[in-house]
Each structure stands twice: as C-alpha cells, then as structure tokens.
Amino acid sequence: MEKVLGFANTALLVAVLALISTVLVTYPFAEHLSMSAQIAAHIGTLLFATLVKLSYILRLISLKALGRPVH
Numbered sequence: 120m121e122k123v124l125g126f127a128n129t130a131l132l133v134a135v136l137a138l139i140s141t142v143l144v145t146y147p148f149a150e151h152l153s154m155s156a157q158i159a160a161h162i163g164t165l166l167f168a169t170l171v172k173l174s175y176i177l178r179l180i181s182l183k184a185l186g187r188p189v190h
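Once you know that position 36 of the sequence shown is 155 in our numbering, the rest is easy, because the numbers rise by one and skip nothing.
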C-alpha cells in the first residue's frame with residue numbers, strides 16, 4: 120500500500136497542476152488561443168478535475184489501509 124500511496128500522491132499533484140493550467144488556458148488566456156485549443160482545455164478541465172477526485176479517494180483508501188490518520 121506504500122506504493123499505492125506514493126502513486127496517489129503523485130497523481131494528485133500532477134492532476135492539480137494540470138487542472139490549474141487548463142483553467143488558465145480556458146479563461147484568462149482564451150483570447151490568445153484558437154477555438155480548438157479552447158475546446159480541448161475545457162475537456163481537459165473536466166478530465167483533470169475527475170482525476171483529482173479519484174486520486175484523492177485512492178489516497179484516503181491507502182492511508183486507511185496503512186492505519187495512518189485520514190484528514
């Protein structure tokens with residue numbers, strides 16, 4: 120479960136960074152990008168938000184299995 124926890128932490132970090140970048144592309148920098156790039160960023164926002172949720176759930180499951188406190 121230690122490996123699962125490490126994977127969940129890494130996936131959570133990557134997903135949060137990707138989510139922030141897609142939100143930035145989608146809203147503040149939208150005028151500088153093509154319509155197809157904006158559509159891809161909107162889809163990416165949905166996908167990375169889902170990945171954040173799934174990796175956080177995996178993190179909680181692994182912490183509970185290891186007997187560590189779950190906050």
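We put the CB at the ideal spot given by N, CA and C, even for glycine.
Determine the burial state of Arg187: buried for a count of at least 16 other Cβ atoms within 10 Å of its Cβ, exposed for fewer. exposed
When the Cβ atoms of the stretch 155-164 are set against those of the stretch 175-184, are three or more pairs found closer than 8 Å? Between the stretch 155-164 and the stretch 175-184, the count of Cβ pairs shorter than 8 Å is below three; the stretches do not touch.
Looking at the secondary structure, which residues open and close the alpha helix (DSSP H) in which Phe167 lies? First-last of the alpha helix (DSSP H) with Phe167: Met154 to Leu185.
Which same chain residues, not among the five before or five after Thr164, have their C-beta less than 8 Å away from its C-beta? Leu138, Thr141, Val142 and Thr145
Which same chain residues end up closer than 7 Å to Val133 when comparing Cβ atoms and leaving out the 5 residues on each side of it in sequence? none
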